[in-house]
Amino acid sequence: MVEDVDLDEPKAGEVLVKIGAAGVCRSDRHFMHGDANIALPAVLGHEGAGTVEKVGPGVTLTKPGDQVILSFVPACGRCKSCLEGNSNLCDLHMATGPFMLDGTTRLHKGGKDIHHMGKVACFAEYAVVPETGCIPTNSGISMDKAAMIGCCVPTGVGATMFSAKVQPGSTVAVVGCGGVGLNVIMGAKLLNASQIIAVDIRESQLEFAMKFGATHSVNAADRDPVAQVKELTGGRGADYTFEVFGSAETVKASYDMCAKSGTVTVVGIAPMGAEASINAVDLVRNEKTLRGTYYGSARGRTDMPTMVDLYLSGRLNLDDLVVRHYSLDQINEAYGDMDEGEVGRGAIMFN
Ligand code: APR
Ligand code: ZN
């Protein structure tokens, strides 16, 4: 539902951003459908980019006029997770959730507080965000590409680069080839995997995945994807498998199709309470590693500018990734297209 709400001025350490583009990501859909919880009412949207309009007191990391990519984990830089280099898991951010870092909201209507998804809330013309969640690029890249670097690019490429650390010449299987999965495929290509097997239930997604570096495809709707991946890898399974949909079933399939001494990386967020059973003996005897990754285990402030550079140097094909543009009024249509299984990423554009 699109409606007018009140947005406060930025407080100390906060920034008012005029949103340029917001990506249509499945994570928002999880909240819309109750597969994940957020305090309500809330403004969703967590994959965004825009231009700094105004800064609050004490802001030093950005200034009015900067083109910025928004991070849905604005890292405090002081907590244990941040100090250990895992700023994607910032303790202060996790503790304050859909509130600003001081525990209050800047969004209101009729005296009621409205929550900010990921402290971004970019399905709106303007957003107030923590300065640490604003990553200036000033690269002049188009706003839709910049928005992608706010979520699906670091999440997908980061999963291969910072979490799994895919080795050259290795084999990779990617289960779920939507906006995030395509970025996993691009990451695997960038890291010189020899074989990149796209797995999806839709033929259109599999065909589209070839544009981003997939070398083989497996239609999981036709036949057991585990058997198909094993056939393509000489019976071994893939060295690195990635789950990029978010369900117990696909987590299990990703585990089962992983090779001896391989690594299973779970990127997708399954519905709350989902439990995937894995073969406990196989885990040990085949020395598999099973790991989750949040935000691609990327550190926004340093890794997002790297993603911009990789795009500018032609190593990341973000031009083919964003295939649909919508106005904010068309947001339900945008999520309808995701449900229909349209390929690639959609972006809500603001001007
Ligand atoms: N096996 C393989 N692929 C599947 C299956 C299945 N059983 N079910 C669905 N898919 C495919 C869909 O056809 C689609 O191509 O998974 C893909 C999911 O893509 P999107 O809907 O574009 O979702 P995306 O935004 O990429 O997010 C994927 O990552 O960050 C998380 O919260 C996010 O859990 C979500 C996941
Ligand atoms: Zn997202």
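Numbering-wise (full-length UniProt numbering), the sequence shown opens with residue 1 and increments by one. Built from N, CA and C at the ideal position, the CB exists for glycine as well. A quick note: this is a predicted structure, and the numbers were derived from the prediction, not measured.
Check, Outcome
"Tell me whether S27, by its Cβ, gets closer than 6 angstroms to a heavy atom of the ligand APR.", "yes"
"Just grab the DSSP bridge partners of Y240 for me.", "V172, T263"
"Kindly confirm or deny that the segment 18-25 and the segment 48-57 touch, where touching means at least three C-beta pairs closer than 8 angstroms.", "yes"
"With DSSP as the reference, label S217 as helix, strand or coil.", "strand"
"First and last residue of the alpha helix (DSSP H) that includes G179?", "179-190"
"Can you check DSSP and say which residues form a bridge with P136?", "V68"
"Pull up the distance between the alpha-carbon of G13 and that of L206, whole angstroms please.", "44 angstroms"
"A227 and A173: beta carbons closer than 7 angstroms?", "no"
"In whole angstroms, give me the CA-to-CA distance for N286 and A259.", "8 angstroms"
"What is the rounded straight-line gap between the Cα of F99 and the Cα of H115?", "6 angstroms"
"Excluding five sequence neighbours on each side, which residues of the same chain lie with their C-beta closer than 8 angstroms to the C-beta of G65?", "T51, V52"
"Can E243 be considered in contact with the ligand ZN, in the sense that its beta carbon sits closer than 6 angstroms to one or more heavy atoms?", "no"
"Report yes or no: do three or more beta-carbon pairs, one from the segment 238-247 and one from the segment 264-272, lie closer than 8 angstroms?", "yes"
"Quick one: does the C-beta of E47 sit closer than 6 angstroms to a heavy atom of the ligand ZN?", "yes"
"Measuring only from the beta carbon, is C122 closer than 6 angstroms to any heavy atom that is part of the ligand ZN?", "no"
"Please confirm whether any heavy atom of the ligand ZN lies closer than 6 angstroms to the CB of C177.", "no"
"Taking Cβ to Cβ, would you say A147 is nearer than 7 angstroms to I185?", "no"
"Once DSSP output is grouped into helix, strand and coil, what is the label at M289?", "Before going further, note that residue 289 is Thr rather than Met in the sequence given. The answer is strand: DSSP assigns T289 an E or B state."
"Does any heavy atom of the ligand APR sit closer than 6 angstroms to the C-beta of M143?", "no"
"Between I348 and the ligand APR, is the CB less than 6 angstroms from at least one heavy atom?", "no"
"Grab me the residues of G140's own chain with a C-beta within less than 8 angstroms of its C-beta, minus the 5 sequence neighbours each way, in chain order.", "Q67"
"Which two residues bound the contiguous alpha helix (DSSP H) that contains R345?", "No alpha helix (DSSP H) contains R345, which is instead part of the beta strand (DSSP E) from 345-349."
"When DSSP labels each residue in this structure, what does H46 get in the three-state scheme?", "coil"
"With DSSP run on the structure shown, which of helix, strand or coil describes G34?", "coil"
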